[in-house]
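Taking it in order: structure first as structure tokens, then the write-up.
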Amino acid sequence: MTGKKIILTEDGSNTIYSDKFQSTYHSTHGAIQESKHVFIKHGLDYYYNKNNKQKISILEYGFGTGLNAFLSLKHSISKKININYLGLEAYPISLDEYKKLNYLQALKSSELQDIFELMHSKEQYINKKLHKHFTFSKEKIKFENFSSDTRFDIIYFDAFSPDIQNHLWERPFLDKTVSFLKQNGVFITYGAKGTFKRALKSLGLKIENPPGPPGKREITRGVR
Ligand SMILES: C[S@@+](CC[C@H](N)C(=O)[O-])C[C@H]1O[C@@H](n2cnc3c(N)ncnc32)[C@H](O)[C@@H]1O
């Protein structure tokens, strides 16, 4: 793989190390553990329990390996809720790279192999119904250039950390990102830097700091 290496994290699931960004895509303490804890438990499940909506739209910054999308798909099936998902990704991994990841085995989800592979088969999709509960879009675009009239219930903010991509964790970039959230919408991320939390607060979000996954004290949730 040019510029990307597969790494085994401590929970037995893979992540990718990017030479370009000199960073892993997930916590080395556990990729699946982190994604489930941050985005599913404190993002999707939190929103669902609070709002009890049967139709939920999600915008993800950084589709990457597709792990957050795949866990959301699994959640939509187990909870019987309908998810409309849009993943943004400027540097999609190839199908060969995807095939080296062990998420299907680690999550004992071989019955969903075809769907997960489809997510990676093309660089872009518009409203592709991958399952009766899951409609999928993917856009090959730089976050900085993304624009939309659609508003989302949840934003999964999974860019690289502020050490690497500081401008994405600051205003004015966050002004535009937060504008894609509906009222009562949830902005969820693993990041918890003070300046970032203050920026979200100044944009009118109510900030909460749930405990982090292993290796991280806290994470950030903003409610609009
Ligand atoms: C921390 S990883 C996210 C991993 C992903 N959510 C997953 O579960 O694998 C960040 C992702 O954002 C993408 N990315 C980084 N900078 C970007 C930019 N400016 N615009 C669009 N995508 C970007 C990277 O290619 C990478 O896939």
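Positions 1 to 224 (the numbering used here) are the ones given, in order, by the sequence shown. For glycine and all other residues, C-beta sits at the position ideal for the given N, C-alpha and C.
Here the distance from the Cβ of GLU97 to the nearest heavy atom of ligand 1 is not below 8 Å. Short note on ASP158: C-beta closer than 8 Å to some heavy atom of ligand 1. Taking non-hydrogen atoms of ligand 1 into account, the C-beta of ASN68 is found less than 8 Å away from one of them. By the 16-neighbour rule on beta-carbons within 10 angstroms, ILE58 is buried. In the three-state scheme derived from DSSP, where H, G and I count as helix and E and B as strand, ASP149 is classed as coil. Residue pairing by DSSP leaves THR195 without any beta bridge partner. A Cβ-Cβ contact shorter than 9 Å links VAL186 with ARG221. Counting along the chain, the unbroken beta strand (DSSP E) around HIS131 starts and ends at 125-131. Scanning LYS41, GLY12, SER18 for the CA closest to the CA of GLY212 turns up LYS41. The beta carbon of GLU34 sits closer than 7 Å to the beta carbons of HIS26, SER27, TYR190, PRO213 from its chain, once the five residues preceding and following it are set aside; these are given in chain order. The C-beta of ASP149 has fewer than 16 other C-beta atoms within 10 Å across all chains shown, which makes the residue exposed. Ligand 1 has a heavy atom closer than 8 Å to the beta-carbon of PHE143. Around the C-beta of SER147, fewer than 16 other C-beta atoms lie within 10 Å, and the residue is accordingly described as exposed.
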